[in-house]
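*Asks:* Protein chains in written order, with our numbering: chain A, 62 to 379; chain B, -14 to 284.
Below is a structure I'd like to ask you about.
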């Protein structure tokens, strides 16, 4: 594990940094989206994996960030960079407000309510609520990234911007893991009654997890809007939430696991694009098989140092 | 007033279809604590199987015998598919973390949905209109068609039958025991694997009838319609209190009525949003659904 921390991440960053040199335009787009989806999947992991709340509406926060950037830029003329802080804040606030009344719901009921919020959100976008979301077509021809009067409009610049956001997310995840909050979330997920009985305010931490996850997803959404210079409702529908949900579970709720999850669930289907009609048929079987072979995910998370003799039942999680 | 009564009739019709499909979700959840996301796609598959049986096997002749054969064959095929689904996608994950089974269910849903597309193509197919006699009655301004009456009566019979089956028979008692405590049920000599198979047979069969009703009532069927109807039926099961059989029936009828009234009085472009706002509202007030049991948490 220590070896991985030292060389694994360094190797991964090196690959990400040099990859654009060998990618053509189409694969650079896939690469950028891979980085953005990794951020969203990691932020979903905070809610679903770390805090153990069945959130199947994560595309809502992703979309809220993207639409914040798009609306501020197209309707109010803000430069893209200045919209990004709000693309974090508004989804984070949205996450807290949505989570407030529903976090006490039992697992599957929470899952359905988050699906519900996602569907309400997409339908509101499609009906052009407040007259700024552009209806079913969305908003297009946004400005490109610019900083200090210099414009960065190449796809390469967006790729590195997305990489920066991923680095920021990894830093947040690392600190979370090693902090009091991270431990509280972990206990909460293992057994929330036990957590409460040792003085952890579970309600506050659950809402906090939603706020943090939503904020990071929102930032990723802002970059996503920049990448395509456009946003549209169906990019954030409930099927997208299902994808992020499945990525975390198939990958296994650790940082390497989630990254592998994005690779398997998003990049691999792109590779097999030619087999358009058979692609998802086989993909479905692969999902079943992955879960049967690795029920805890491809790369399950480990937390802290637990002596081996305590782990004979291996009954944590789920 | 006439619109209200008319929407009431339409809503009850749609609601009983939702209820039939919702029973499949709720029975599986009751015993396995698993959201069977593939159930909606089985329902969609049943409409396609039914249509194929009609055009290919029965030669497209609309008789009472044809209708009976369609229903029997489709129900058998979908019940077998349900059993296969459980064997392949769920049984190997019986002891795995709960979310792994959920992802496996999502995978199974993709397989069935895309399987339908590979067999029958991506375009909408249309059920023949003359399969069921086109009779309508006008009762003081409220129009009821024969197919609506058929759906209402048949659903009612099936639901009462299911209720009696679960409440009065030995297998029903075993189903109830398995849903309360699987381990204790095993100790009492109940073969839980067999009970789960029975549940998948019954749930899929009811879903198949729901799917045929959807085909007969709406006529147009597409390969991906399973998600739409499945999600609604699932919401119905949740509203009633998932795992609770009368709850699923009540939830289905309520949801159907609510949908019809929204479509009739407000607007159809906001119908989904209103449905889910109602769901969220109900869950905030009653966190385990209307008829859901209050579970004391075990420490």
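Cβ atoms here follow ideal geometry from the backbone N, Cα and C, with glycine treated the same way.
Just to make sure I have the definition right: I need the residues of chain A whose C-beta is within less than 7 Å of the C-beta of residue 261 of chain B. Which are they?
*Replies:* Within chain A, the residues near residue 261 of chain B are 177, 180 and 181.
*Asks:* Which residues in chain B have a C-beta closer than 9 Å to the C-beta of residue 114 of chain A? List them in chain order.
*Replies:* Within chain B, no residue comes near residue 114 of chain A; the closest Cβ sits about 11 Å away, beyond 9 Å.
*Asks:* Measuring straight from C-alpha to C-alpha, what distance separates residue 105 of chain B and residue 309 of chain A?
*Replies:* Whole-angstrom Cα-Cα distance: 33 Å.
*Asks:* Excluding the five sequence neighbours on either side, which residues of its own chain have a C-beta within less than 6 Å of the C-beta of residue 115 of chain B, listed in chain order?
*Replies:* Counting only Cβ-Cβ distances below 6 Å, and skipping sequence neighbours, we find 47.
*Asks:* For the stretch 348 to 363 of chain A, which residues have a beta carbon sitting closer than 7 Å to at least one beta carbon of chain E?
*Replies:* Of the protein chains in the structure, A and B, none is chain E.
*Asks:* Is it the case that the Cβ atoms of residue 188 of chain B and residue 78 of chain B are separated by a distance below 8 Å?
*Replies:* For residue 188 of chain B and residue 78 of chain B, no; Cβs fall outside 8 Å.
*Asks:* Taking the beta carbon of residue 94 of chain A as the centre, do at least 16 other beta carbons fall within 10 Å, making it buried, or is it exposed?
*Replies:* Answer is buried; the Cβ neighbour count reaches 16.
*Asks:* Using a cut-off of 8 Å between C-beta atoms, extract the partners of residue 255 of chain B located in chain A.
*Replies:* Residues of chain A passing the Cβ test: 184 and 188.
*Asks:* Step through the CB atoms of chain A and report whether any lies within less than 8 Å of the CB of residue 207 of chain B.
*Replies:* Judged by the 8 Å Cβ criterion, residue 207 of chain B is not in contact with chain A.
*Asks:* Using CA coordinates, which residue listed in B/277, B/213, B/205 and B/237 is at the minimum distance from residue 227 of chain B?
*Replies:* The candidate whose alpha carbon is nearest that of residue 227 of chain B is B/277.
*Asks:* Classify residue 378 of chain A as buried or exposed, calling it buried when 16 or more other Cβ atoms lie within 10 Å of its own Cβ.
*Replies:* Caution is warranted here: a pLDDT of 44 is assigned to residue 378 of chain A, below 50, making its placement in the model unreliable, and the coordinate value is therefore given only provisionally. The residue is buried, with at least 16 neighbouring Cβ atoms inside 10 Å.
*Asks:* Nearest to residue 80 of chain A by alpha carbon, out of A/276, A/272, A/220 and A/236?
*Replies:* Ranking A/276, A/272, A/220 and A/236 by Cα distance to residue 80 of chain A puts A/220 first.
*Asks:* Which stretch, first to last residue, makes up the alpha helix (DSSP H) that contains residue 267 of chain A?
*Replies:* Run containing residue 267 of chain A: 263 to 289, per the alpha helix (DSSP H) assignment.
*Asks:* For the ligand GDP, any of its heavy atoms closer than 7 Å to the Cβ of residue 283 of chain A?
*Replies:* Questions concerning the ligand GDP fall outside what the structure shown contains, since it holds no ligand whatsoever.
*Asks:* Using a Cβ-Cβ cutoff of less than 8 Å, which residues in the same chain neighbour residue 272 of chain A once the five nearest sequence positions on both sides are dropped?
*Replies:* Same-chain partners within the cutoff: 153, 154, 156, 157 and 160.
*Asks:* Select from the stretch 150 to 169 of chain A all residues with a C-beta closer than 9 Å to any C-beta belonging to chain B, and list them in chain order.
*Replies:* Within the stretch 150 to 169 of chain A, the qualifying residues are 162, 163, 165, 166, 167, 168 and 169.
*Asks:* Taking residue 19 of chain B as the reference, give the member of B/181, B/272, B/238 and B/247 with the closest Cα.
*Replies:* The shortest Cα separation from residue 19 of chain B among B/181, B/272, B/238 and B/247 belongs to B/181.
*Asks:* Whole beta strand (DSSP E) runs in the stretch 117 to 172 of chain B with 3 or more residues, listed along the chain?
*Replies:* Fully enclosed beta strand (DSSP E) runs of 3 or longer: 121 to 124 and 127 to 130.
*Asks:* Going along the chain, which unbroken runs of the alpha helix (DSSP H) with 4 or more residues stay wholly within the stretch 134 to 202 of chain A?
*Replies:* Entirely contained in the stretch 134 to 202 of chain A, the alpha helix (DSSP H) runs reaching 4 residues are, in chain order, 141 to 163 and 168 to 187.
*Asks:* How big is the Cα-Cα spacing for residue 329 of chain B and residue 202 of chain A?
*Replies:* The question about residue 329 of chain B has no answer, for chain B in this structure spans -14 to 284.
*Asks:* Tell me whether residue 357 of chain A is buried or exposed, calling it buried when 16 or more other Cβ atoms sit within 10 Å of its Cβ.
*Replies:* Residue 357 of chain A comes out buried.
*Asks:* At a Cβ threshold of 8 Å, is residue 341 of chain A touching chain B?
*Replies:* Residue 341 of chain A counts as touching chain B.
*Asks:* Taking all protein chains shown into account, decide if residue 169 of chain A is buried (16 or more other Cβ within 10 angstroms of its Cβ) or exposed.
*Replies:* Per the 10 Å Cβ criterion, buried.
*Asks:* Which same chain residues, not among the five before or five after residue 89 of chain B, have their C-beta less than 6 Å away from its C-beta?
*Replies:* Cβ neighbours of residue 89 of chain B beyond the five flanking positions: 74 and 78.
*Asks:* Bridge partners of residue 213 of chain A, per DSSP?
*Replies:* Residue 213 of chain A pairs with A/206.
*Asks:* So for residue -7 of chain B, helix, strand or coil by DSSP?
*Replies:* Reduced to three states, the DSSP call for residue -7 of chain B is helix.
*Asks:* Please list the residues of the stretch 18 to 44 of chain B that have a C-beta atom closer than 7 Å to any C-beta atom in chain A, keeping them in chain order.
*Replies:* Result list: 20.
*Asks:* Let me know the secondary structure DSSP gives residue 84 of chain A once reduced to three states.
*Replies:* Of the three classes helix, strand and coil, the one that applies to residue 84 of chain A here is coil, per DSSP.
*Asks:* With the cut-off set at 8 Å, would you say residue 86 of chain A and residue 286 of chain A are in Cβ contact?
*Replies:* No, they are not a contact pair.
*Asks:* Name the residues in the stretch 288 to 315 of chain A whose C-beta lies less than 9 Å from a C-beta of chain B; which are they?
*Replies:* Within the stretch 288 to 315 of chain A, the qualifying residues are 299, 300, 303, 306, 307, 309, 310 and 311.
*Asks:* Compare the C-beta of residue 322 of chain A against all C-beta atoms of chain B and say whether one is closer than 8 Å.
*Replies:* Answer no: the Cβ-Cβ gap between residue 322 of chain A and chain B never drops below 8 Å.
*Asks:* Kindly identify the DSSP beta-bridge partner or partners of residue 111 of chain B.
*Replies:* The partner list for residue 111 of chain B (beta bridge, DSSP) reads B/205.
*Asks:* How about residue 11 of chain B: is its C-beta nearer than 8 Å to some C-beta of chain A?
*Replies:* No, residue 11 of chain B lies away from the interface with chain A (no Cβ there is under 8 Å from its Cβ).
*Asks:* Using three-state DSSP, classify residue 251 of chain B as helix, strand or coil.
*Replies:* Note: residue 251 of chain B maps to coil in three-state DSSP.
*Asks:* State yes or no: is the beta carbon of residue 272 of chain B nearer than 8 Å to at least one beta carbon in chain A?
*Replies:* Residue 272 of chain B counts as touching chain A.
*Asks:* With a threshold of 8 Å between beta carbons, is residue 66 of chain B in contact with chain A?
*Replies:* Chain A contact via Cβ: absent.
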